[in-house]
Each structure stands twice: as C-alpha cells, then as structure tokens.
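Contents: one structure, followed by commentary.
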Amino acid sequence: MQQKSVSRGQLLVVVFTSGFVLMVFEIVGSRILAPFLGSSTIVWTAIIGVILSFMSLGYWYGGKLADKHHSIQFLARVLALVAALFLIMNLGKGVFLSFVTSLSIPLVIKAILSSTVLFSIPSFLLAFVSPFAIRLDVRKVEESGNSAGSIYAVSTLGSILGTFFSGFFLIIWFGTNQLIWVLALVLMSLVLFISKKEMMKQGVWLGLLLIMNLYNSWRNRDYIDIDTEYARVFVSDQEYKGQETRLLYINEHINSGMLLNDSDSLLFRYTQFYDLFEFFAPEFENLLVVGGGGYSYPRHFQSRFPDKALDVVELDPKVTQLAMTYFEFEPLKTTTIYHQDARYFQKVQDKKYDAIVYDALTSPLSVPWYLTTQESYEDIYNLLSDDGVILINVIGDLEGYGANFVRSQVKTVGSVFPQVFLFESKEEESQGLKNHIVVASKKTEPFNFDPGSPFYQRYLKHQIDPGSLEEALVLRDDYAPVSYLLSTK
Numbered sequence: 006m007q008q009k010s011v012s013r014g015q016l017l018v019v020v021f022t023s024g025f026v027l028m029v030f031e032i033v034g035s036r037i038l039a040p041f042l043g044s045s046t047i048v049w050t051a052i053i054g055v056i057l058s059f060m061s062l063g064y065w066y067g068g069k070l071a072d073k074h075h076s077i078q079f080l081a082r083v084l085a086l087v088a089a090l091f092l093i094m095n096l097g098k099g100v101f102l103s104f105v106t107s108l109s110i111p112l113v114i115k116a117i118l119s120s121t122v123l124f125s126i127p128s129f130l131l132a133f134v135s136p137f138a139i140r141l142d143v144r145k146v147e148e149s150g151n152s153a154g155s156i157y158a159v160s161t162l163g164s165i166l167g168t169f170f171s172g173f174f175l176i177i178w179f180g181t182n183q184l185i186w187v188l189a190l191v192l193m194s195l196v197l198f199i200s201k202k203e204m205m206k207q208g209v210w211l212g213l214l215l216i217m218n219l220y221n222s223w224r225n226r227d228y229i230d231i232d233t234e235y236a237r238v239f240v241s242d243q244e245y246k247g248q249e250t251r252l253l254y255i256n257e258h259i260n261s262g263m264l265l266n267d268s269d270s271l272l273f274r275y276t277q278f279y280d281l282f283e284f285f286a287p288e289f290e291n292l293l294v295v296g297g298g299g300y301s302y303p304r305h306f307q308s309r310f311p312d313k314a315l316d317v318v319e320l321d322p323k324v325t326q327l328a329m330t331y332f333e334f335e336p337l338k339t340t341t342i343y344h345q346d347a348r349y350f351q352k353v354q355d356k357k358y359d360a361i362v363y364d365a366l367t368s369p370l371s372v373p374w375y376l377t378t379q380e381s382y383e384d385i386y387n388l389l390s391d392d393g394v395i396l397i398n399v400i401g402d403l404e405g406y407g408a409n410f411v412r413s414q415v416k417t418v419g420s421v422f423p424q425v426f427l428f429e430s431k432e433e434e435s436q437g438l439k440n441h442i443v444v445a446s447k448k449t450e451p452f453n454f455d456p457g458s459p460f461y462q463r464y465l466k467h468q469i470d471p472g473s474l475e476e477a478l479v480l481r482d483d484y485a486p487v488s489y490l491l492s493t494k
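Residue numbers for the sequence shown follow the working numbering, beginning at 6 and rising by one.
This is how it looks when you write it as structure tokens:
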C-alpha cells in the first residue's frame, strides 16, 4: 500500500495527543464507575489493571498491523473508531453499570467486568498509535532506535500531562460526561489533522454520535450532577419512604437527605442516634462533626443549640456550597467550617471537644481506610476533653457482609478508649448493609442506662453485642484491609 507522506512533526503531535487522551480516559474512568461501584482500591486496581493489560495487547497487535498497513489513513481510521467508541460508551454506560450493580457477585468481579466492557477496546486501539508512528517514521534501520526512543518519550510526556491536567483541571472544568465527548472531539481533530480524506469518510456518523451526546447531556433532567476535586456528586428530589425529600449522593451512596417540608428534622434513623452525645456528655459546651455532606446534623444541632460552639470538618468545599444552596444550611456565628482532610485536622488541631460526631465512614464501597485505624482514633482521643465522647457511624451487617469490619472497628476503638458501646439504628442501607453507631467515652465510670429515661426508650435499648472479637483485627496505618473486611462475612 502506498503511504501518504507524513512529517515527523505530525507524528509527534499524534503520539503526544494520544498519550494525553489515554491517561485522561484512565483517570476519568474512576469517575464513570464511582457512582455505581465506589472509588475504593478494588475499583482503581481493576481500572488500571484492565487498561494496562489491553494496552500491552494493543502494542503487540498494533506492531503487527503496522507492518502490514503502514499508512497514515489506517491510523486515522483507528483514531476515528476510538472517538466513536468514546461517544457510544458515554450514551450506554449508565444502563450497563446499573445492570452490573444489580448482579449478586463480588465487587472485584463487578469492577473487572465493568472496566473490561467500557475501557478495554479504546485502550487497546489507542496503543496502536506508537508502533504505527515508529513504522511510519523509520526511513533507515540505523535510525530506528532514535525514532522509537523519541516517540515513546513524547507519548509518555503526553500521558504525564494528561494525568496532571485531568486531575487538577479537566474533570473540574467539564465534568465526567462532557469530558468524554471532549476527548472524542480531540481525536476527531487529530483525524482531520493527519487525513482530511478519512475525516470526510467518518465525519457524518461521528457527528451524529456527537449530537446524540450533546442532546443527552443538555436535555432537561431532575437532578444536579457535579464533578468536584474529590468526587462525583448528585442532588435529587425524590420520594423516600413515602416522603418528599432531597437527597445528596456522593459517588455511589446516599450521603445526606432532607425532608422538603421540615428541613430541621433528621431524615435517616442513624443520624438521630447522634443525639446520644447529650447522654454521654450532658455538660457539653461544643461539638465537632467530621463529615459535613449535606450538613443534616449540623443544621439540626444549630436549631437545637444555637448558642453552643459547632465545628464541622468537610473535605470538599463544593459539597459545602451545595449544602448551603440546596439543603438550607446557613452557618451561625457559633459555627466554624474547616475544609480539610479529617486525618490532617486531627493531627494539627489543638482545640478540645466535649463531643465528636464522626460521619466520614458512610460509603459502603469506599470507606477512607486511614480514618479507621488505631492511630487515627488515638488522634481523636487527644482531641477530646477529659470526659469527652465520640459517636462513629460504621457500615456493615453483623449477620452478613461487613460483619468483620464492624467488629474490627469496635475492637480498634476499644484499644484506645476505656468504654465502647455498639448500637444498631435498624435502618437498612444499600446492599443490605446497616448503620451501626460505635460510641466511645474517655470516662472510666460506668454509665447508668436507666430504662425509664427518654434516651433509653429512643436509643439506648438498641445497644447490641458485637459478638466475639477474638479474631477481629485492630486496624493500623500499616495494615487496614477495609475493602476486604467490608466485602466478607
């Protein structure tokens, strides 16, 4: 086949841009899966492993094809196909991932299956670019080493910049769905750059796919979809247990909710258990809430104790903005918000708190493991006043999946605090998991669980026995297999 003349400069542009697109695609892949499967180490491992596996196959098979079809038109056709696959994936990913989520299979299988179906073929085809570029660039055998080195260096540089740009700018600027079709537009521009003839052949159906994506992105819908620096966030008005509510989703799980006709009331049963801090620390003067989310409990606390000091630690400033805009949260003068990682806050804060509500472990699929360790709870112990108490929301089911995680948390907290109690909120969460409230106090004197008290009738009577802790792990910074504990019985 007669090959069209192509300059080295053109090839380097194609190689650089393809490397850039491939790495952005890999990073944004985590945002595609997060609303359905979470963003745990298991999910990230599946994404990276699948993409690298199919890239290696693409390098091998692309090299074989380059020797048979060493034309720039063939490479342009491959890039056009990848652009089309991006656009098709963007249209169908929601339906497919909803189906995968409904399957009764382990998370690791769901993550590998989803990554393979959505990410494998585009990664495989994009890996063709470097061997094709080398084959088109080499004129003499003596130049092959220099050519291969230059092309792989430029491709790697594109991937490096794609990593930084996607994480720091592109996801925040465009969001997940829009960024996918932006990548498709970039590839279509590459096709036009190297072969106008090929672009004319493929342009009509690529244009139709792009229009379908634009329509799908811009059509009226009853929810808000925002990509922040840290997560994919949704706000949706819907009926929940027969009541009109507004729900905040962070990645794959419901993080917070609000009754539209009574915003100060607590929608979820487990958040009502946080009022137990009044029983364990009746003379409190301040409260720290770790994990603001929709600020349901901070809003509830402010309505009951407007003169008490309230501090809230929320990692994501955009989530706080959403809480103020859509969940009727207005911080009082007595309220201070810290936009910091909870573990960092625990290390650097020298203020003492009478009570801490720890609502940062809410996701059943992507719990921040470094907040569950003995060292983390030691930092929390030091934050508390002499008779201070912490209430921790822990996801799991003592009779099913997550039982090992619940018991490990009870044992880990118990390795730091003299008194630990476990309560079950009797409210089921996704995948049959339940909310448990682990209460730990620095006091050594026993508490009186008076059956006649209002606290007993509402909360204390729901104390449960975690069962044997003999085989439960004390989680530490150097060993905290949280994803495994959540996925096993």
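Idealized CB from N, CA, C, for every residue including glycine.
In whole angstroms, what separates the C-alpha of residue i from that of residue j?
i, j, result
"GLU335", "VAL187", "37 Å"
"GLY68", "VAL159", "18 Å"
"ALA577", "ASN409", "A query on residue 577 cannot be resolved here, the shown segment of the chain reaching from 6 to 494 and no further."
"LYS323", "THR233", "7 Å"
"ASP391", "SER120", "49 Å"
"LEU474", "SER420", "12 Å"
"LEU80", "TYR245", "51 Å"
"TYR519", "PRO40", "In this structure the chain extends from 6 to 494, so residue 519 is not present and cannot be described."
"VAL399", "PRO303", "19 Å"
"GLU434", "ASP230", "Legend: pLDDT at GLU434 = 48, less than 50; position of this residue unreliable, no value from coordinates given."
"ASN221", "LEU96", "8 Å"
"LYS202", "VAL209", "13 Å"
"PRO311", "LEU337", "7 Å"
"VAL443", "PHE428", "6 Å"
"LEU118", "ASP482", "30 Å"
"ASN453", "ILE259", "35 Å"
Helix, strand or coil for residue i per DSSP?
i, result
"GLY172", "helix"
"ARG144", "coil"
"LYS313", "coil"
"HIS258", "strand"
"ASP232", "strand"
"THR330", "helix"
"ASP567", "A query on residue 567 cannot be resolved here, the shown segment of the chain reaching from 6 to 494 and no further."
"ILE110", "coil"
"PHE306", "helix"
"PHE59", "helix"
"TYR275", "helix"
"LEU292", "strand"
"HIS75", "coil"
"ASN453", "coil"
"PHE104", "helix"
"HIS441", "strand"
Are the CB atoms of residue i and residue j nearer to each other than 9 Å?
i, j, result
"ILE397", "GLN351", "no"
"VAL33", "LEU281", "no"
"TYR331", "LEU253", "yes"
"ASN182", "GLY43", "no"
"GLY401", "HIS441", "yes"
"ILE37", "LEU102", "yes"
"PHE25", "PHE170", "yes"
"SER268", "GLU333", "yes"
"ALA89", "ALA189", "yes"
"VAL295", "ILE361", "yes"
"ALA485", "GLY393", "no"
"SER413", "LEU480", "yes"
"TYR363", "ILE395", "yes"
Taking residue i as the reference, give the member of the options with the closest Cα.
i, options, result
"THR168", "MET28, THR377 and ILE117", "MET28"
"SER12", "ARG144, ALA132, ILE53 and PRO136", "ARG144"
"PHE289", "VAL100, THR449, PHE306 and SER58", "PHE306"
"LEU211", "ALA85, TYR275 and GLY262", "ALA85"
"LYS356", "PRO369, LEU315, LEU370 and ILE139", "LEU315"
"SER308", "THR340, ALA88 and PHE285", "THR340"
"ASP142", "GLY54, VAL18 and PHE174", "VAL18"
"ILE469", "PRO456, SER430, VAL487 and PHE310", "SER430"
"ALA236", "GLU333, ALA71 and ILE177", "ILE177"
"THR22", "LEU90, ILE165, SER152 and SER107", "ILE165"
"THR493", "PHE25, TYR406, SER194 and VAL100", "TYR406"
"ILE156", "GLY172, VAL134 and PHE170", "VAL134"
"PHE426", "LEU465, LEU190 and ALA360", "LEU465"
"PHE422", "ARG412, THR449, LEU438 and LEU403", "THR449"
"VAL122", "SER149, LEU213, PRO111 and ILE93", "ILE93"
"SER488", "GLY14, THR50 and GLN15", "THR50"
"LEU16", "ASN151, ILE139, GLY163 and GLN354", "ILE139"
If you measure from the CB of residue i, is any heavy atom of the ligand PLP nearer than 8 Å?
i, result
"TYR349", "For the ligand PLP, the structure offers nothing, since it holds no ligand at all."
Please determine if the segment 75-89 and the segment 124-133 are in contact, where contact requires at least 3 C-beta pairs separated by less than 8 Å.
yes
- Item | Touch test, the segment 365-382 against the segment 412-428, Cβ-Cβ under 8 Å, three pairs minimum | yes
Next on the checklist: I'd like to know if the segment 257-266 and the segment 292-305 are in contact, where contact means that at least 3 CB-CB pairs between them fall below 8 Å.
Outcome noted: yes
Notebook entry, point to check: Counting Cβ pairs closer than 8 Å, one from the segment 192-203 and one from the segment 45-64, do we hit at least three?
Noted result: no
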